[in-house]
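Residues in the sequence shown are numbered from 14 upward in steps of one, following our numbering.
No residue lacks a Cβ here, since even glycine has one placed at the ideal position from N, Cα and C.
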Amino acid sequence: MTAETWSDRTILITGAAGGIGAACARQLDALGVSVILVDRDEAALRRVAATLRPDGAHRALAADLSEPGACRQLFDTTGELYGVVHMAGIYQADDLTPESRAVWDRTMSVNLDMAFDLASAAAPRLRAPDGRAARIVMAASLAYRRGSFDHLAYSASKGGIAGLTRALSRRLAPDVLVNAVAPGIIDTAMPAGLIAARGDALRREIPLGRWGSADEVAGTIVFLCSDAASYITGQIINIDGGMVNG
Numbered sequence: 014m015t016a017e018t019w020s021d022r023t024i025l026i027t028g029a030a031g032g033i034g035a036a037c038a039r040q041l042d043a044l045g046v047s048v049i050l051v052d053r054d055e056a057a058l059r060r061v062a063a064t065l066r067p068d069g070a071h072r073a074l075a076a077d078l079s080e081p082g083a084c085r086q087l088f089d090t091t092g093e094l095y096g097v098v099h100m101a102g103i104y105q106a107d108d109l110t111p112e113s114r115a116v117w118d119r120t121m122s123v124n125l126d127m128a129f130d131l132a133s134a135a136a137p138r139l140r141a142p143d144g145r146a147a148r149i150v151m152a153a154s155l156a157y158r159r160g161s162f163d164h165l166a167y168s169a170s171k172g173g174i175a176g177l178t179r180a181l182s183r184r185l186a187p188d189v190l191v192n193a194v195a196p197g198i199i200d201t202a203m204p205a206g207l208i209a210a211r212g213d214a215l216r217r218e219i220p221l222g223r224w225g226s227a228d229e230v231a232g233t234i235v236f237l238c239s240d241a242a243s244y245i246t247g248q249i250i251n252i253d254g255g256m257v258n259g
């Protein structure tokens, strides 16, 4: 793949200030993609934008997409897009106490409702050049396959992402390919507390014996946006070092 192959594509990335979102931004920018970076953390977003090619076509937009109407407002400003990489989400511990209902509601709102709103707002804007299919890539998680005893809402929300991905792949075919990645334990800020608390035990469950990197996840996402993935849709791709087999 060369920069010329990608130079006619615009891809919007949510959660672009996070570890995986930022890695996607850097890899796609290096290929010549026009990237639109979206995150609610404006300062972190500026830092990511500063790592991109100075002569590249990129925009950074600070927005909280969980707010009512925010997704539609965003896509009113973007023009046509080749793809959307949706990495925004939250990861909060919870349990079965009544007090955890607030975490459940917030997690479902941010992780699942926002994904639906984003897809709904993005779909009319997605156009691929030269008869190719446009792309949506969602963020599922290892947690939807294994379940997490202290992240009930998160596990359920990511199961919802998997189901939504498969449903959208049918709804939007053949014009848009919709897939998701399901990262395992990736060395980013989000699972840092989990790694600190149970790192040794968890590492023993990973056949490759190490955490994944944001760049490894981003590389799979770039592949799903590429011409090489033109016959792949409705798939949830595990990126977990073999932690979940099958």
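- With the rule of 3 Cβ pairs closer than 8 Å, the segment 94-106 counts as touching the segment 22-32.
- Look at the beta carbons and you see the segment 170-187 not touching the segment 196-206: under three pairs across the two are nearer than 8 Å.
- Here the C-alpha atom of Ser168 lies approximately 13 Å from the C-alpha atom of Leu109.
- The segment 161-179 makes no contact with the segment 72-85; the number of CB pairs closer than 8 Å stays below 3.
- Looking only at Asp213, Ala136, Phe236, Asp52, the smallest Cα-Cα distance to Asp188 is reached by Ala136.
- With respect to the C-alpha of Asp118, the residue from Ala132, Ser79, Thr90 having the closest C-alpha is Ser79.
- Going by DSSP, Leu74 is part of the beta strand (DSSP E) stretching over 71-75.
- Unbroken alpha helix (DSSP H) runs of no fewer than 4 residues, entirely contained in the segment 196-220, are found at 205-217, following chain order.
- In this chain, the alpha helix (DSSP H) harbouring Ile33 covers 32-43.
- A straight-line Cα-Cα distance of about 8 Å links Leu94 and Ala147.
- Cβ contact annotation for Ala134 (same chain, cutoff 8 Å, sequence separation greater than five): Cys84, Arg85, Leu87, Phe88, in chain order.
- In chain order, Ile198 place their CB closer than 6 Å to the CB of Pro204, counting only its own chain and leaving out the 5 sequence neighbours on each side.
- For the pair Val48 and Leu58, the CB atoms are not nearer than the 8 Å cut-off.
- For the set Ala156, Leu165, Ile234, the Cα lying nearest the Cα of Val194 is the one of Ile234.
- Residue state for Ala186 is assigned as coil, using DSSP reduced to three classes.
- Here the C-alpha atom of Met121 lies approximately 16 Å from the C-alpha atom of Ala132.
- Between the beta-carbon of Ile103 and that of Val230 there is about 18 Å, and that puts the pair past the 8 Å contact cut.
- Within the DSSP secondary-structure output, Asn124 pairs in no beta bridge.
- Comparing alpha-carbon positions, the option among Arg140, Ala56, Ala43 lying closest to Thr91 turns out to be Arg140.
- By the Cβ-count criterion, Leu221 is exposed, with fewer than 16 other Cβ atoms from all chains shown falling within 10 Å of its own Cβ.
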